[in-house]
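Here's the structure we're looking at; comments come further down.
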Amino acid sequence: MVFQEQQPNFLRTGHAACAGCGLAAGMKLVFQAMGHKTIAVIVPSCEGSIGGVYPNTAYGVPTFHSAFEIAAPTAAGIANALKIQGKDEIQVVAFAGDGGTYDIGLAALSGVTKNNDDIIYVCLDNEAYMNTGIQVSSATPSYAWTGTTPEGNPRRKKNIMEIMAAHYNPYSATATIGFPRDLQQKIVKAKSIRGTKFIHLLVPCPTGWRTPSDLAPELSILAVETNVFPLYEVEDGRRYTLNHEPRSLPVQEYLLKQGRFKHLNEEQIRQVQMDVDEEWERLKQRAGRFASRK
Amino acid sequence: MKEFMTGNHAVAQAVKLCRTPLIAAYPITPQTPIYEKLSEWEATGVLKGIMMRTESEHSAMASCIAASLTGVRTFTATSSQGLALMHEMLHFAAGCRTPVVMANVNRIIAAPWGFWADHLDSLSQRDTGWIQFYCENGQEAMDSVIQAYKISEQVYLPAMVNLEAFLVSHFMEPVEIPDQDAVDHFLPPLDLPHKFDVEKPGFLMTVVSSELYRKYRHMAQVSMDSVKDVAVRVDREFKDVFGRGYGIVEPIAMEDAEVVIVTAGSITSTARLAIRSLREQGHSVGLLKIRLFRPFPNEALQQVLAGKKKIAVIDRNNSMGSGGIFCQELKAALVHSEDRPYIYNYIAGVGGTDVNPEVIQRIALDAMERSEPMDQPMWIMEE
Amino acid sequence: MNIHPDLLNELLIPISYGSTAVIETGKWGFQKPYTNFMTAPCQEACPAGINIPEFLYLTSEGREEEAFFSVLRENPLPGVCGRACFHPCEANCNRSQYDESVSIQALERYVSDRASIEIDQIQPIPCGESAKSIAVVGGGPSGLSCAYFLSILGHRVTLFEAKKELGGVLRWGIPEYRLPKSVLKREIRRILSLPIELKTGVAIGKDVPIEDLDRFDAIYLSPGAGLKVSLKIEGEAMKRVWKGGEFLERINSKEKIRLGKETLVIGGGNTAMDVARSALRLGSKVTIAYRRTRNEMPAIKDEIDEAEEEGMRFEFLVQPVKIRQGQKRRLAVTFQRMKLGGSDEGGRPRAIPIKGKFLTLETDDVITAVGEQVDLSWIPKGFVRGGLIGLNPSPKVFAGGDAVDQPRTIATAIASGKRAAMSMDISLRGDSEEAILSRIQVGNKGSLSMASYLSVREGETSAEPKGVATYQQMNPLYFAPSQRVKIRKRSRAKTLKNFSEVNMGLRADEARFSASRCFSCGTCNYCYNCYFFCPEGVVSLDPFSRTRTVDFSHCKGCGTCAKACPRAVVEMRITL
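Chain order of the listed sequences is V, A and U. Each residue of the first sequence is one higher than the last, beginning at 28 in the working numbering. Each residue of the second sequence is one higher than the last, beginning at -2 in the working numbering. Each residue of the third sequence is one higher than the last, beginning at 932 in the working numbering.
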């Protein structure tokens, strides 16, 4: 599917994101693929903070700033109300951060997914509570420094895609801003499917990852090329498709560009590599093959 | 048409009559029969709409708020712990000015665990910006739900209709079911002015300055104040159409009363019997039922209590460190009364304990005998 | 439903309808992105100065006609160069340091073949009163190039060619299997669609005295190297000893030539290859004898490889000393054995004889291909220096091609014609050559850009970029490793039976893929990285008007666009 490159921007200029924000780039790309017949739900998080102060908004579609843990049921409420009103042409997208998804919003997301309410849920994963500073979440990767894990995060990142797949929802996909066409194609695909669609969108955070402000795309590409964050889709919780054949670079190429990992010793890097390799092998087995997109 | 039914089913009937298309709920005793009945009607198509079987009350309320902002009428029902879990969203619903209507079956709040009638669950939510009604029986619960929509959808504030666990929720009574056409006529479709509009995209609930926060809070307060008049008007219209009215407060045998018993909810029914026998014994005892708790009907109470010297408030709740909540509110309402009445507080029925006519008679006589004010509430503790 | 009177005039909840665009977040940053184009090394290496990144970008987008015009702006003979050029562009391609160089030559051929069927008319740019009349002597690639560019610049050109047909070495030297005559004809027809007066069969200095050209405002001399160089060894004049140039000319004139079972070709240049591969096609077994080794052969490497694939045999480190009659009417060629020694002035290892070591080979035919010379007998003595003509021997006389001191390749011949056309235009207009040439120079290897010249002539301030993009400046993360498309070739069984073209060129899908492999070093090819990755949404691109704009009032200066530009086109500059 060919998606026209230059689409109207529904994330307006003048928003308050940090310079080089991967999340803002991600939202911009998602909004473009959603189009103007969209109602967006955001929750307290960076996207809540960057969207502007009354009477101005950075969001070019109707947007509701709901509470932290309820992006999914809020979106589901809107979607069902639209269904009742026969407004099938309007789609609902929920944005929540990794904290709002992996942690405080997980039950609510699970509930909505179980019901298969017709929403697109985008987890803007910057791998920690960034809006409140930099605090560890269950999306924070192993050994990463955060303000609440000053010695490095002792636990591995939760596998949210497997949690979603366990709901047998029609569509879940990983995506990242480094592969913008892939991301937008996935949004377009999600729009064509009825039910709960989950997009796990990795959005590098220069502030929280302790990197220069110009590295977000490069890091998101390296995350994919090192297999730290493979690009894939899961349909109905069973059919796995890998969308990109990675270069399988060593994880150092990704880790050592980031201040949050700069304290890692060789043993820790080896452990990360082992974890990544193991996950990648498992994923490959599930996918069986690389499928080229039509 | 009259049918024999529980208070819970009377509430469900009201929701059906109001053609509420979006219901979001989560099971909790003793509310569950409302959820089940409405689910049954949704499944069989009797109720045209969507039942969102959410994973928590918190999400149920989130969905109701969101659907309301999309422009559809919404309903949920809960009780006790569920209501407490909703707390964050109760504030949100009011702040979003969404006319969500909820039935709350008043049940004790844990711990310790229990399932019986107690008003503390909903009274704890008195500051969340919800209109609150306390109902005496199933018929009133049904009628209050219908009225609540009509009020909420004029003032754009959510409304909670409270009925006590088992005593009302599970008690079977003959209930008059209003005619659907009459309800349709009484309750026009919802038209929310601030709903989502893709043709005029706006950001709802943006971050505001301190001054703006104050402004919107004040606006909501003005609307909440207006509920006292709107509720009276709606009740009158309801009576004109359906032949039943309740008022926001109901004075009974007040004219010559030396002591006025003040009640809310099902204790009122018992009190009606109690004062009849007290009157037969020659005691001038009156009864005042408070139906609308939020906004608190200060003016109506001041008016009906003018000239009264002794007031005995029976509270089926206790705010720890302070006492009965109805009593606190009433005292505040009468603080400038020229009559300077003595207001006695009796904590009775807490935890679902029985409040029978004898208890009420003893409360009335106790109040009558007293010649001094009593600062501390008196707990009615007999087995 | 009735709205309560208190609520009529006010929104119930805060709803923002305004845009954050009113907030000038651009003030947060102290640096802003600027576009900084650089010359691609391929373009610098191309003597004709073709804007290679541009034509590859257009090809990758399927905009083939535009791609063709982009090439034609700098090179009148893309169909020829797409087949017979020594393609230094590919040797200098930055991608060759990553995986494999881009198939630039095949793509030049592709756009030419695809589009030229439709496009056989070129419009000159009228220059009004400054139009002058100019004589071009010699209709080879250099003369054709000069006539083409002069004509485009609006001048009245008369083209003199001694032979009956135009093309020079392209017509008479390069065999059909490498450059089909139909392709050459098409190119010449397109050039002649310009208002060029053609005088074929007129040899200046023989049929017309050179003095007669004085009536022209300027003269371009581009006589080709037609004189055959002798080996100066015993037996060279024997029957069945051919001179390479003559041999090729006869083949290209469709004369019937019979060779014996075995042929020995002496030489290591492109003529030697052409001769040897033609001899194969005439059914002979061919051995090439060269005095250095394969690495030192001046011929295009692909030609050597293809010759080998076709069954060519080689004898290296041998230098002929004598040809005599052998047994059974065969020839016997005696060679001195050689070895490699220290480098000569050109940097190539010298071939040094090994004393007393000789080799004798028997063969049916011998073809020598050791170079050609320019016949300067008719050129005024004052123009000649060191056996060649000076670039600008008199104020109104210019020279180029084989007759001047430069490598003898098609591309350099075209380049010298182009340079001369510009020089003439500049001098006839009375402009300063130095000032202009420095602005239109493509990189640092002497190529010139006609596109830039035209805009400079129009008075625009634009100029060719100064820097040349290096591989180190590219961001390979944005390029997925890939292999060149293997060009399909006609099977050997077929090709060796006749002179049909060996290379079959790229298919449309192969061409788009091949073009998309271009790094577009230093030139924006609308990959959209800066557009996609900008968190602010302040970058706008228009691939059709070729513009890239940034809303500086909202650019926070994060530098993402510069960092994410795979080709180092975007550069952050401090703007305090």
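Heads up, the beta-carbon is just placed ideally off N, CA and C, and yes, glycines get one too. Computed from a prediction, not measured in an experiment: that's the story for all the values here.
Cutoff 8 Å: residue i Cβ touching any chain A Cβ
i: Tyr948/U; result: yes
i: Pro1007/U; result: no
i: Tyr81/V; result: yes
i: Ile944/U; result: yes
Spatial neighbours of residue i in its chain, beta-carbon cut-off 7 Å, leaving aside the 5 residues before and after
i: Tyr195/V; result: Asp263, Gly264
i: Ala1046/U; result: Glu995, Glu996, Phe999
i: Phe256/V; result: Thr201, Thr203, Leu229, Ala250
Close beta carbons around residue i, own chain, < 8 Å, minus the five adjacent residues each side
i: Gly138/V; result: Ala99, Pro100
i: Asp937/U; result: Unreliable positioning characterises Asp937/U in this predicted model, as indicated by a pLDDT of 46, which lies under 50. The coordinate reading is nonetheless provided below. Nothing meets the Cβ criterion.
i: Met86/A; result: His55, Met58, Ala59, Ile62
Contacts around residue i, its chain only, beta-carbon distance under 6 Å, and the 5 residues preceding and following it disregarded
i: Pro207/V; result: Leu56
i: Leu44/A; result: Lys13, Trp38
i: Cys132/A; result: Ala138, Ser141, Leu160
i: Val119/V; result: Ile66, Ala102, Ile105, Ala106, Ile146
i: Pro1324/U; result: Phe1314
i: Ala1078/U; result: Val1067, Val1088, Leu1090, Ile1127
i: Arg1026/U; result: Ser1032, Val1033, Phe1450
Outcome for residue i when other beta-carbon atoms lying within 10 angstroms are tallied against a minimum of 16
i: His182/A; result: exposed
i: Ala90/A; result: buried
i: Gly1277/U; result: exposed
i: Thr1291/U; result: exposed
i: Arg287/V; result: buried
i: Asn1429/U; result: exposed
i: Trp376/A; result: exposed
Minimum Cβ-Cβ distance from residue i to chain U less than 8 Å
i: Thr67/A; result: no
i: Pro207/V; result: yes
i: Pro190/A; result: yes
i: Thr128/V; result: no
i: Ser240/V; result: yes
i: Leu56/V; result: yes
i: Glu344/V; result: It is not possible to answer for residue 344/V, since the shown part of chain V is limited to 28 through 321.
i: Thr73/A; result: no
Neighbour list for residue i in chain D, Cβ cutoff strictly below 8 Å
i: Asp194/A; result: Although the question refers to chain D, the structure presented lacks it and instead comprises the protein chains V, A and U.
Neighbour flag for residue i against chain V, beta carbons, 8 Å
i: Pro1407/U; result: no
i: Cys1489/U; result: yes
i: Glu985/U; result: no
i: Ala81/A; result: no
i: Arg1498/U; result: no
i: Arg50/A; result: yes
i: Cys15/A; result: no
i: Tyr1462/U; result: yes
Near the ligand NAP: residue i beta-carbon under 7 Å from a heavy atom
i: Leu1179/U; result: This structure does not include the ligand NAP; it has no bound ligands of any sort.
Could you give the uninterrupted runs of the alpha helix (DSSP H) lying entirely in the segment 96 to 172 of chain A, keeping only those of 4 residues or more?
117 to 120, 135 to 152
Count the C-beta pairs between the segment 100 to 115 of chain A and the segment 185 to 194 of chain A that are closer than 8 Å, then say yes if the count reaches three, no if not.
no
Could you tell me which uninterrupted beta strand (DSSP E) segments, each at least 3 residues in length, are contained entirely in the segment 1151 to 1175 of chain U, listed from first to last along the chain?
Correct list: 1172 to 1174.
Touch check for the segment 188 to 196 of chain A and the segment 161 to 168 of chain A: three-plus C-beta pairs under 8 Å?
no
Between the segment 1232 to 1251 of chain U and the segment 1462 to 1470 of chain U, do three or more beta carbon pairs fall short of 8 Å?
no
If you pair each beta-carbon of the segment 1179 to 1190 of chain U with each one of the segment 1205 to 1218 of chain U, do three or more pairs fall below 8 Å?
yes
Just list the alpha helix (DSSP H) runs in the segment 199 to 244 of chain A, keeping only unbroken ones of 4 residues or longer that don't cross its boundaries, in chain order.
207 to 239
Entirely within the segment 248 to 303 of chain A and at least 4 residues each: give me those alpha helix (DSSP H) ranges in chain order.
Along the segment 248 to 303 of chain A, the alpha helix (DSSP H) occurs as fully enclosed runs of 4 or more residues at 264 to 277, 295 to 301, listed in sequence order.
Count the C-beta pairs between the segment 292 to 308 of chain V and the segment 221 to 241 of chain V that are closer than 8 Å, then say yes if the count reaches three, no if not.
no
In chain order, each alpha helix (DSSP H) run of at least 4 residues that lies wholly inside the segment 957 to 997 of chain U
972 to 976, 983 to 991
Any contact of the segment 354 to 364 of chain A with the segment 312 to 328 of chain A, i.e. 3+ C-beta pairs under 8 Å?
no
Ordered list of alpha helix (DSSP H) runs contained in the segment 46 to 72 of chain V, each at least 4 residues:
Within the segment 46 to 72 of chain V, the complete alpha helix (DSSP H) runs of at least 4 residues are 49 to 61.
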